[in-house]
Amino acid sequence: MVKAIVGANWGDEGKGKITDMLAKEADIIVRFQDGANAGHTIVNNYGKFALHTLPSGVFYDHTTNVIGNGVALNIPVLFKEVKSLTDQGVPAPKLLISNRAQIVMPYHIEFDALEEARLSGKAFGSTKSGIAPFYSDKYAKIGFQVSELFLPEAELKDKIHRVAEIKNCMLVHLYNSAPINEAALYDTLMEYKEMVEPYVCDTSAFLYKAVKEGKNVLLEGQLGSLKDPDHGIYPMVTSSSTLAGYGAIGAGIPPYEIKQIVTVCKAYSSAVGAGAFVSELFGDEAEELRRRGGDGGEYGATTGRPRRVGWFDCVASKYGLRLQGATDVAFTVLDVLGYLDEIPVCVGYEIDGKVTTDFPVTAELEKAKPVLEVLPGWKEEIRGIHNYKELPENCRRYIEFIEERIGFPITMVSNGPGREDIIYK
Ligand code: GDP
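Remember, this note's numbering sits 1199 above the position in the sequence shown when you count from 1.
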């Protein structure tokens, strides 16, 4: 049975925690899109970890962890991450890497930084991990698949040369930077080859067989619906689809095998990077929520930069859940809101004097003002509660108010960062 775990919002909803928790019952965990730009923070019996490329199932002995073909694979980052785990006492994970995954090249990272610098004040707020240049090249058909590391030397050198001709044009003439050193790049690729060789296989065939045998497979998404390049806040999006539907492609399995779509939705809003954010908070109110948010504050797992924060947005979340095709909503980080006397919730957008609950295209979104409804707070610590009925009445009221507005069933409530901090509703 295949289950997807994906985000309803702008990312950082707590997917890593939910995946780590559900991985207990899973055989295989698959990353199917995006790369080391995003990150999950996981707290468990081994300690606190920031994962960027490894699937969140790596903490169990019984799981196989797959880097699917849809991933932007940064090979040195992956192996640095494996080392950071084993250094902290986690057993070496069982890892498989798709022979069709493509490689983040050193020049992708360079292009990302050069372009953000060129855009200056109009920059995207990229993490400069090379993701946009990587996916551009993939679809321009000048990317490098893992399988190509195993080409005969002359063939691989020839491809490096052909790609360098195109890249150098921009490096030299647009960015006034140095051209690619083809010999050094070949050597780097040979180092990459040595690192990945023991793990490379046809992961799509592996997963197909596993699904037929009735194995439990988790597809682990990065970021959230609103960062999807088609359905999100384009162009302030990521460069690969963040939707559960893409899980079939990025893992190479039949779409009809995805039976459950656990969509992680955060009890307030947070976002990184630029782009419209209707229910955003500023000033002291924002600072307080940021400081109290998540587990140790709302600061990026990859970059450490402060995240933007805001009230829960029913319009964006309802849309995000619909695009994912949520079968279950995991409502996370609810414990953080216990300090508030009153909790505003964004229930609609006012655009040009009209109120809507439908999420608009970016140009309209830029004009939207939040329509807020204020709910009473519960002013209590809710960590440690395991039974839904034991939650304070106003806390249940908050959950049920939101459940009605978003129109998808909240089946799990997360009230702390640990594996055991979960309430099944
Ligand atoms: P992801 O990318 O969706 O996995 O999210 P991140 O890891 O970037 O951010 C989620 C943060 O919230 C992490 O620091 C988690 O440890 C933390 N977290 C997850 N669930 C909860 C929760 O229910 N309560 C609290 N307080 N923190 C949580």
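Backbone N, C-alpha and C fix where the C-beta goes; we use that ideal spot for every residue, glycine too. If you're wondering where the values come from, they're calculated on a predicted model, not measured in any experiment.
Pairwise C-alpha distance: residue 1413 and residue 1216: What you label residue 1216 is simply residue 17 of the sequence shown in a count that begins at 1. What you label residue 1413 is simply residue 214 of the sequence shown in a count that begins at 1. Going from the Cα of residue 1216 to the Cα of residue 1413 covers about 24 Å.
If I follow the unbroken alpha helix (DSSP H) through residue 1361, where does it start and stop? Position 162 of the sequence shown holds residue 1361. 1352 to 1372 is the extent of the alpha helix (DSSP H) around residue 1361.
List the residues that DSSP assigns as beta-bridge partners of residue 1609. What you label residue 1609 is simply residue 410 of the sequence shown in a count that begins at 1. Beta-bridge pairing links residue 1609 to 1528.
Examine the ligand GDP and report whether any of its heavy atoms sits within less than 7 Å of the Cβ of residue 1614. To locate residue 1614, count along the sequence shown from 1; it is residue 415. It does: the Cβ of residue 1614 is within 7 Å (strictly closer) of some heavy atom of the ligand GDP.
The alpha helix (DSSP H) with residue 1407 in it runs from where to where? Taking the first residue of the sequence shown as position 1, residue 1407 is located at position 208. Taken as a continuous stretch (DSSP letters only), the alpha helix (DSSP H) holding residue 1407 covers 1402 to 1411.
Whole-angstrom Cβ separation of residue 1365 and residue 1341, contact assumed at under 8 Å? Numbered from 1 along the sequence shown, position 166 holds the residue referred to as residue 1365. Numbered from 1 along the sequence shown, position 142 holds the residue referred to as residue 1341. Right, their Cβ atoms sit about 6 Å apart.
Take residue 1538 as the anchor and find which of 1561, 1518, 1581 and 1546 has the nearest alpha-carbon. Counted from its first residue, the sequence shown places residue 1538 at position 339. It is 1581 whose Cα lies nearest to the Cα of residue 1538.
Going by the beta-carbon positions, is the gap between residue 1274 and residue 1394 smaller than 8 Å? Counting from one through the sequence shown, the residue named residue 1274 turns up at place 75. Counting from one through the sequence shown, the residue named residue 1394 turns up at place 195. Contact flag set, yes.
When 1485, 1378, 1532 and 1477 are compared against residue 1494, the one with the closest alpha-carbon: Position 295 of the sequence shown, counting from 1, holds the residue named residue 1494. Minimum Cα distance to residue 1494 is reached at 1532.
So, helix, strand or coil for residue 1457, using DSSP? For the purposes of this step, residue 1457 is identified with residue 258 of the sequence shown, where counting begins at 1. It is a strand residue.
Flag this pair as yes or no: are the beta carbons of residue 1488 and residue 1229 separated by less than 8 Å? What you label residue 1488 is simply residue 289 of the sequence shown in a count that begins at 1. What you label residue 1229 is simply residue 30 of the sequence shown in a count that begins at 1. Against a cut-off of 8 Å, the Cβ pair of residue 1229 and residue 1488 comes out as no contact.
Is it right to say residue 1375 is buried, meaning 16 or more other beta carbons lie within 10 angstroms of its own, or is it exposed? Here residue 1375 corresponds to residue number 176 of the sequence shown, with the count starting at 1. Residue 1375 comes out exposed.
Can you tell me whether residue 1585 sits near the ligand GDP, meaning its C-beta is under 7 Å from at least one heavy atom of the ligand? As a position in the sequence shown, residue 1585 is number 386, starting the count at 1. For the ligand GDP, not one heavy atom lies less than 7 Å from the Cβ of residue 1585.
For residue 1327, does the count of other Cβ atoms within 10 angstroms reach 16, so buried, or fall short, so exposed? One-based indexing of the sequence shown puts residue 1327 at position 128. Residue 1327 is buried by the Cβ-count criterion.
Which residue from 1447, 1482, 1432 and 1380 puts its Cα closest to that of residue 1470? Residue 1470 sits at position 271 when you count from the first residue of the sequence shown. Closest option to residue 1470, Cα to Cα, is 1432.
Quick check on residue 1561: does DSSP put it in helix, strand or coil? Against the sequence shown, residue 1561 aligns to sequence position 362. Helix, per DSSP.
Residue 1292 burial status per 10 Å Cβ neighbour count (16 or more: buried): Taking the first residue of the sequence shown as 1, we reach residue 1292 at position 93. With 16 or more other Cβ atoms within 10 Å, it is buried.
Closest by CA to residue 1465, which one among 1611, 1310 and 1278? Position 266 of the sequence shown, counted from the first residue, corresponds to residue 1465. Checking every option, the nearest Cα to that of residue 1465 belongs to 1611.
Does the Cβ of residue 1634 lie closer than 7 Å to at least one heavy atom of the ligand GDP? Any answer about residue 1634 is impossible in this case: the structure gives the chain only from 1200 up to 1624.
Length of the line joining the Cα atoms of residue 1529 and residue 1317: Stepping through the sequence shown from its first residue, residue 1529 is reached at position 330. Stepping through the sequence shown from its first residue, residue 1317 is reached at position 118. Roughly 40 Å separates the two Cα atoms.
Among 1497, 1357, 1520 and 1502, the one whose alpha carbon lies nearest that of residue 1156: Because the chain in this structure spans residues 1200 to 1624, residue 1156 falls outside the shown range and cannot be described.
Within 7 Å: the Cβ of residue 1531 and any heavy atom of the ligand GDP? In the sequence shown, the residue the question calls residue 1531 occupies position 332. Under cutoff, so the answer is yes.
What is the residue span of the alpha helix (DSSP H) that residue 1384 lies within? Here residue 1384 refers to the residue found at position 185 when the sequence shown is read from its first residue. 1381 to 1395 is the span of the alpha helix (DSSP H), which, as asked, contains residue 1384.
Please report the residue range of the beta strand (DSSP E) in which residue 1248 lies. On the sequence shown, residue 1248 is found 49 positions in, with the first residue counted as 1. Start and end: 1246 to 1250.
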